[in-house]
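One structure is given below, encoded as structure tokens.
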């Protein structure tokens, strides 16, 4: 295993790619909050009763455009944190830098594409499913590689006991 200080080194291409992609995803999720607020204002949908004073004119309880952006944001909140965990675990396996950079970058692009086709410019399926599936597969691949790399005899014995 690569030493932790080697993995967390700013000269480590894998770590730099992970941090860069993670930061892009943080900004993307922050943007979803802004997009939700924009849709709420446009359509007169308050987040809470106390927000009624901020919305001039007629307000409604819900609107499909607001709900769509909220679902896309929720999907980010369900998927991106597990990417962070799988991605840092994968970085600890001392992976091939080209492969790791490709995985991190592709995941990030897939999540951006997911947001675009789901909440910004709605595109019919399977666009959303494909963009979600690419990210899902990458996260699963990194988690499985991490398990394989770190799995020890004690873990194998424990898993065998669970099966029997």
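Residue numbers (UniProt numbering): 1 to 164.
Every residue gets a Cβ at the ideal spot worked out from N, C-alpha and C, and that includes glycine.
Inset, instruction - Apply the 10 Å Cβ neighbour rule to residue 76 and answer buried if 16 or more other Cβ atoms are within range, or exposed otherwise. - result: buried
Inset, instruction - Can you tell me which of 65, 41, 71 puts its alpha carbon nearest to the alpha carbon of residue 59? - result: 41
Legend entry - Nearest-angstrom Cβ-Cβ length linking residue 111 and residue 89, presumed shorter than 8 Å: Not really, about 18 Å apart at Cβ, beyond 8 Å.
Inset, instruction - Can you tell me which of the three DSSP states residue 60 falls into? - result: coil
Legend entry - 9 Å Cβ cutoff met for residue 108 and residue 73: no
Inset, instruction - Answer yes or no: do residue 68 and residue 26 have a C-beta to C-beta separation smaller than 9 Å? - result: no
Inset, instruction - Report buried or exposed for residue 146, applying the criterion of at least 16 other Cβ atoms within 10 angstroms of its Cβ. - result: buried
Legend entry - Inter-residue Cα distance where the pair is residue 34 and residue 47: 13 Å
Legend entry - Option in 39, 5, 95 with minimal Cα separation from residue 148: 95
Inset, instruction - Please say whether residue 91 and residue 14 have beta carbons closer to each other than 9 Å? - result: yes
Legend entry - Where the alpha helix (DSSP H) through residue 130 begins and ends: 127-150
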